[in-house]
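Enquirer:
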Amino acid sequence: MKWSSRFHKSTVFNITVSGVFLALSLIFFVLSHQKFFTWPVVSSIGLKVDLSTLFILPIFVIANTLCGVAVLVIRFVLGPFIVPSASLDIDYFGNFILLFSSAIFIFLFLLLNKFIFKNEGKQSISTESQCSNSKKKLYKNLFLNLLCSTIVTSLLLTILNALFFTPVFFKLYKLTNNISPIDLAKKWNTDKVLKTFSLSLNYFLWAFVLYFPFNLVNFTVTSILFFGMYTVIVKNHSKLKKNFKY
Numbered sequence: 032m033k034w035s036s037r038f039h040k041s042t043v044f045n046i047t048v049s050g051v052f053l054a055l056s057l058i059f060f061v062l063s064h065q066k067f068f069t070w071p072v073v074s075s076i077g078l079k080v081d082l083s084t085l086f087i088l089p090i091f092v093i094a095n096t097l098c099g100v101a102v103l104v105i106r107f108v109l110g111p112f113i114v115p116s117a118s119l120d121i122d123y124f125g126n127f128i129l130l131f132s133s134a135i136f137i138f139l140f141l142l143l144n145k146f147i148f149k150n151e152g153k154q155s156i157s158t159e160s161q162c163s164n165s166k167k168k169l170y171k172n173l174f175l176n177l178l179c180s181t182i183v184t185s186l187l188l189t190i191l192n193a194l195f196f197t198p199v200f201f202k203l204y205k206l207t208n209n210i211s212p213i214d215l216a217k218k219w220n221t222d223k224v225l226k227t228f229s230l231s232l233n234y235f236l237w238a239f240v241l242y243f244p245f246n247l248v249n250f251t252v253t254s255i256l257f258f259g260m261y262t263v264i265v266k267n268h269s270k271l272k273k274n275f276k277y
């Protein structure tokens with residue numbers, strides 16, 4: 032097969048895979064906005080456990096980074112029209128947070144996979160014992176990668192929510208006059224409206240109590256489901272690509 036033909040087939044394969052996973056991502060994006068997925072702590076904030084990122088991460092693994100980024104952007108652009116909830120600026124800011132959260136988790140996973148929890152590549156495996164050890168190492172590295180990605184992403188998002196995302200949201204909802212987290216913290220337990228969210232905690236402690244457990248659960252769910260998906264991808268990726276026809 033000529034290089035141009037192989038390249039064309041590979042491109043079509045990547046686009047096809049991206050299209051399939053994009054469709055799944057958008058379906059689960061809609062499902063994730065149902066009441067069942069609402070985070071129960073301070074539910075009026077509107078945090079939702081997201082399942083759509085689960086179907087974007089495989090695009091980076093099976094296809095390539097460009098296709099993955101394109102799907103992230105498409106979900107961001109279409110999101111407010113698929114599940115409208117408030118004004119367009121608030122919906123887009125919420126989808127920007129989802130885009131940013133997904134990007135942190137995905138690229139952290141990819142970086143750890145490349146530089147820390149990397150596989151040794153193709154090796155000659157002559158015995159059943161070597162094959163078993165190779166699989167165990169793969170699963171161990173995958174588990175540790177997802178664990179680290181989940182914890183680090185959760186910490187980063189908790190900090191960003193406290194310092195930027197939440198102040199902006201309250202400003203968009205006209206509950207505050209600016210986006211300063213310091214000003215928000217000062218009036219947190221004195222403003223009548225803000226007190227309804229506060230859980231009788233100071234602002235920064237409230238942000239940690241709300242966002243860190245939420246993000247841990249959110250990305251743990253994604254990690255558990257992706258773990259099973261990844262093992263299937265590793266076993267069948269080369270076979271699927273080789274037998275792909277269009």
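Note that the working numbering has the sequence shown beginning at 32, numbered continuously upward. No residue lacks a Cβ here, since even glycine has one placed at the ideal position from N, Cα and C. In this text the structure is predicted, and so the values were computed from the model without any measurement.
1) To which residues of the same chain is residue 254 closer than 8 Å at the C-beta, ignoring the five residues directly before and after it?
2) In the DSSP assignment, find the alpha helix (DSSP H) that holds residue 204 and state where it starts and stops.
3) Check whether the Cβ atoms of residue 104 and residue 87 lie closer than 7 Å to each other.
4) Pop quiz: residue 46 and residue 91 are said to be a contact at Cβ under 8 Å. What is the actual Cβ separation, rounded to whole angstroms?
5) When burial is assigned at 16 or more other CB atoms within 10 Å of the CB, is residue 79 buried or exposed?
6) Which one of 201, 77 and 241 has the shortest CA to CA distance from residue 222?
7) Are the beta-carbon atoms of residue 258 and residue 70 separated by less than 7 Å?
8) Are there 16 or more other CB atoms within 10 angstroms of the CB of residue 208, so buried, or fewer, so exposed?
9) Taking all protein chains shown into account, decide if residue 173 is buried (16 or more other Cβ within 10 angstroms of its Cβ) or exposed.
10) Considering only residues of the same chain and omitting the five flanking positions on each side of residue 249, which have a CB-CB separation below 7 Å?
11) What three-state label does DSSP hand residue 227 in the structure shown?
12) Measure from the alpha carbon of residue 59 to the alpha carbon of each residue in 114, 165 and 185, then state which is nearest.
13) Residues in the same chain with beta-carbon distance under 7 Å from residue 183, minus the five sequence neighbours each way, listed in chain order, please.
14) From 191, 127, 119 and 214, pick the residue whose C-alpha is nearest to that of residue 239; which is it?
15) In the structure shown, what three-state DSSP assignment does residue 79 receive?
16) Does any heavy atom of the ligand SAH sit closer than 6 Å to the C-beta of residue 68?
17) Cβ atoms of residue 148 and residue 175: under 7 Å apart, would you say?
18) Tell me which same chain residues have a C-beta within less than 6 Å of the C-beta of residue 256, skipping the five on either side of it?
19) Assign residue 221 to one of three DSSP states: helix, strand, or coil.
20) Report yes if the C-beta distance between residue 225 and residue 212 is below 7 Å; otherwise report no.
21) What's the call for residue 43, buried or exposed, on a 16-neighbour Cβ count within 10 Å?
22) Going by beta carbon distance, what residues of the same chain come within less than 7 Å of residue 203, once the five residues before and after it are set aside?
23) Of the residues 126, 171 and 129, which one's Cα is nearest the Cα of residue 261?
24) Are the CB atoms of residue 185 and residue 131 within a distance shorter than 7 Å?
Expert: Based on what the coordinates show:
1) 177, 178, 180 and 181
2) No alpha helix (DSSP H) holds residue 204; DSSP gives it neither H nor E.
3) no
4) Incorrect: roughly 14 Å between the Cβ atoms, too far for contact.
5) buried
6) 201
7) No; because the gap between Cβ atoms is not below 7 Å, this pair is not in contact.
8) Flag for residue 208 reads exposed.
9) It is buried - the Cβ of residue 173 has at least 16 other Cβ atoms within 10 Å.
10) 80 and 81
11) Per DSSP, reduced to three states, the secondary structure at residue 227 is coil, with no helix or strand assignment.
12) 114
13) 139
14) 191
15) strand
16) Within the structure as shown, the ligand SAH is missing, as the structure has no ligands at all.
17) yes
18) 85
19) coil
20) no
21) Looking at its Cβ environment, which holds fewer than 16 other Cβ atoms inside 10 Å, residue 43 is exposed.
22) 120, 121 and 124
23) 171
24) no
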